[in-house]
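For what it's worth, the working numbering labels the leading residue of the sequence shown as 2, then goes sequentially. Ideal Cβ positions, reconstructed from N, Cα and C, are used throughout, including at glycine. All remarks here apply to the structure that follows.
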Amino acid sequence: MDQTILLIDDDPSLRRVTEYNLSARGFTVLAAESGFQGLEFFKTHHPDLVVSDVKLGDMNGLDLLEQIKQESPDTPVIIMTAFGSIEMAVQAMHKGAFNFITKPFDRDTLILSCEKALELTGLRSQARLLAHEVNRLTGTKGIVSASSAMKELLETASRAANSEATVLISGESGTGKEVLARLIHQNSPRHKGPMVAVNCAAIPATLLESELFGHVRGAFTGAVKDRKGHFMTASRGSLFLDEIGELAVEVQVKLLRAIQERQIQPLGSEKATKVDIRIIAATNLDLQERISNGDFREDLYYRLSVIPLFIPPLRERIEDIPALVSHFLKKFDAPADVCFSRQALNQMKTYHWPGNIREMQNIVERCIILRKTPLIEAADLNLPGMETRTSVLDPVIPDEGISLEAIEKAYVIKALEKAGQNRSEAARLLKIPRHVLLYRLEKYNL
Ligand SMILES: Nc1ncnc2c1ncn2[C@@H]1O[C@H](COP(=O)(O)OP(=O)(O)OP(=O)(O)O)[C@@H](O)[C@H]1O
Ligand SMILES: [Mg+2]
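See the structure below:
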């Protein structure tokens with residue numbers, strides 16, 4: 002077991018007896034004769050357990066306890082108190098002692114108490130390991146999810162990650178398909194292996210086959226040496242086939258075979274090679290529609306979509322918007338006082354986000370860089386096609402009419418707010434002389 006106990010007692014004969022009893026039981030014992038020496042040993046040797054007398058020549062055992070707890074809250078401390086000093090014992094427990102034993106004590110009481118304390122440390126570190134593991138498996142670092150739709154999706158994804166099953170992620174452009182794919186890989190049993198991403202749309206059909214499956218020397222003009230394909234480089238890891246919907250039909254047949262048989266045949270090679278990969282595919286196209294148009298093989302679709310994951314567009318999970326905004330403010334290192342006005346947030350919630358999270362991320366970044374004041378307003382977002390109230394040239398008059406004075410008053414109040422109640426600055430914002438503003442303030446009782 003090889004566990005170290007730090008024993009602190011200033012009484013030499015008691016110290017020797019206790020040291021003997023603990024060593025005889027198989028513990029490594031560090032014996033300190035004073036509080037200061039005890040602390041020093043504690044810092045240099047990191048013992049698994051501390052057994053300390055409450056009355057030390059140079060230090061109160063309870064102060065020592067406090068210092069140890071500060072240094073390492075999880076290390077158990079057993080306090081030895083003189084018979085009858087219940088009060089001391091209670092204080093020791095309050096300060097976080099694992100237990101106290103009253104002197105004189107017999108050998109078994111001491112050893113039983115030490116073993117219990119050490120068992121607890123063992124359990125604690127096991128619990129920590131377990132918590133770490135749970136965090137790794139369910140960890141969603143970098144993915145913001147406040148809406149129930151996203152939370153549910155991430156939960157399914159983390160269950161899928163644990164398996165070897167092929168996953169098909171679909172969703173509009175910029176919804177986070179690639180981040181989700183990486184998350185699945187990182188939380189899968191293959192996380193130590195590579196994740197190789199292939200954009201099926203970016204490679205011409207003629208080259209794709211050799212890119213995926215590799216080729217041998219002389220397989221075609223220009224094939225001057227053997228080349229491994231992505232299926233081989235992703236070995237023991239995951240192969241991320243992005244934009245799978247764009248895959249040419251000729252290549253779809255070969256992909257289907259590779260998935261079914263778990264083996265590939267490099268171009269120009271006679272023999273097939275086994276592959277050990279997990280496939281995660283993604284698409285922003287409607288595969289069903291492509292199937293009915295004859296552009297995508299139905300059998301391949303079923304092979305791929307063992308676990309289908311659909312990421313909803315941002316406009317359908319607007320609960321995520323405030324969380325995403327604060328995530329991006331942090332990501333782009335915005336100073337703490339930078340924030341979006343309520344109107345700005347509201348406008349983000351009504352905007353239709355054709356580019357989804359990627360578009361939003363770009364807009365937040367742009368606003369942070371171009372901001373003139375820490376408060377970013379709706380107009381600063383510049384969302385295409387969105388009505389911004391400040392557009393004076395194209396005002397909207399509701400059917401029930403609108404009071405010009407009320408509008409004027411609202412603008413005056415807003416300008417003052419924006420100017421931090423500085424009247425000259427507010428006048429400048431409203432492009433009127435200061436005395437005109439003062440007149441308005443009086444008129445509206447502001
Ligand atoms: N839930 C999220 N939380 C935080 N950031 C996100 C989230 N989803 C996506 N992003 C960010 O948005 C950007 C786009 O994500 P990603 O590249 O995964 O989208 P995609 O669905 O693959 O898009 P495309 O279809 O255009 O390839 C990335 O910068 C990513 O970090
Ligand atoms: Mg992508």
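Quick one: grab the DSSP three-state call for residue i.
i	result
Phe99	coil
Met387	coil
His46	helix
Arg228	strand
Thr176	coil
Asn200	strand
Ile170	strand
Asn446	coil
Leu104	First, the residue type needs correcting, since residue 104 is Lys and not Leu in the sequence shown. Correct three-state label for Lys104: strand.
Asn61	strand
Val145	coil
Arg125	helix
Ile433	coil
Ala161	helix
Gln422	coil
Tyr352	coil
His186	helix
Val18	helix
Lys152	helix
Who pairs with residue i in a beta bridge, going by DSSP?
i	result
Cys340	Leu376
His216	Arg228, Leu268
Ala32	Leu8
Ser53	Ile9, Ile80
Whose C-beta lies closer than 8 Å to the C-beta of residue i among residues of the same chain, with five residues either side of it excluded?
i	result
Asp321	Val145, Ser146, Ala147, Ser148, Met151, Leu315
Tyr21	none
Leu430	Ala416, Lys419, Ala420
Arg359	Ser174, Gly175
I'd like the list of long-range same chain contacts for residue i, defined as Cβ closer than 6 Å, with 5 residues on each side in sequence excluded.
i	result
His353	Arg316
Gly269	His216, Val217, Ala220
Val55	Gly62, Ile80, Thr82, Met89
Pro313	Ala150
Ser171	Thr284, Phe311
Asp10	Arg16, Asp54
Lys70	Gly97
Arg137	Its pLDDT being 48, under 50, Arg137 is placed unreliably by the model, and the measurement read from it follows with that caveat. Nothing listed; no residue qualifies.
Pro375	Asp338, Val339
Gly36	Leu57, Asp59, Met60, Leu65
Quick one: what's got a C-beta closer than 7 Å to residue i's C-beta in the same chain, skipping five residues either side?
i	result
Gly246	Thr284, Leu286, Leu288, Arg291, Phe297
Pro323	Leu346
Arg108	Asn22
Pro434	Ala428
Thr448	In the structure displayed, the chain extends from 2 to 447; residue 448 sits before or after that span and is not available.
Thr139	For Thr139, the predicted structure reports a pLDDT of 45, less than 50, and the residue's modelled location is therefore unreliable. A value from the coordinates is still provided. The answer, listed in chain order, is Ser159.
Val30	Ile6, Leu8, Glu20, Leu23, Ser24
Ile102	Ile79, Met81, Thr110, Leu111, Ser114
Quick one: which unbroken alpha helix (DSSP H) runs of 4-plus residues sit fully inside the segment 237-322? Chain order, please. As far as the segment 237-322 is concerned, its whole alpha helix (DSSP H) runs of at least 4 residues are 250-262, 288-293, 299-305.
Okay, do the segment 155-170 and the segment 199-206 touch, 3+ Cβ pairs below 8 Å being the bar? Cβ pair count under 8 Å is below three, so no.
Count Cβ pairs between the segment 293-302 and the segment 247-254 that sit closer than 8 Å; are there 3 or more? Yes, they touch.
Check whether the segment 330-339 and the segment 361-375 touch, using three or more Cβ-Cβ pairs below 8 Å as the test. Touching, yes, given that three or more Cβ pairs across the two stretches are closer than 8 Å.
Across the segment 346-364 and the segment 173-181, are there enough close Cβ pairs to call them in contact, namely three or more that are closer than 8 Å? Three or more beta-carbon pairs drawn from the segment 346-364 and the segment 173-181 are found closer than 8 Å, and the two stretches are therefore classed as touching.
Using 8 Å as the threshold, is the segment 111-120 in touch with the segment 63-70, meaning 3 or more CB pairs across them? The segment 111-120 is not in contact with the segment 63-70.
Between the segment 378-387 and the segment 402-414, do three or more beta carbon pairs fall short of 8 Å? In short, these stretches do not touch, since the Cβ pair count stays below three.
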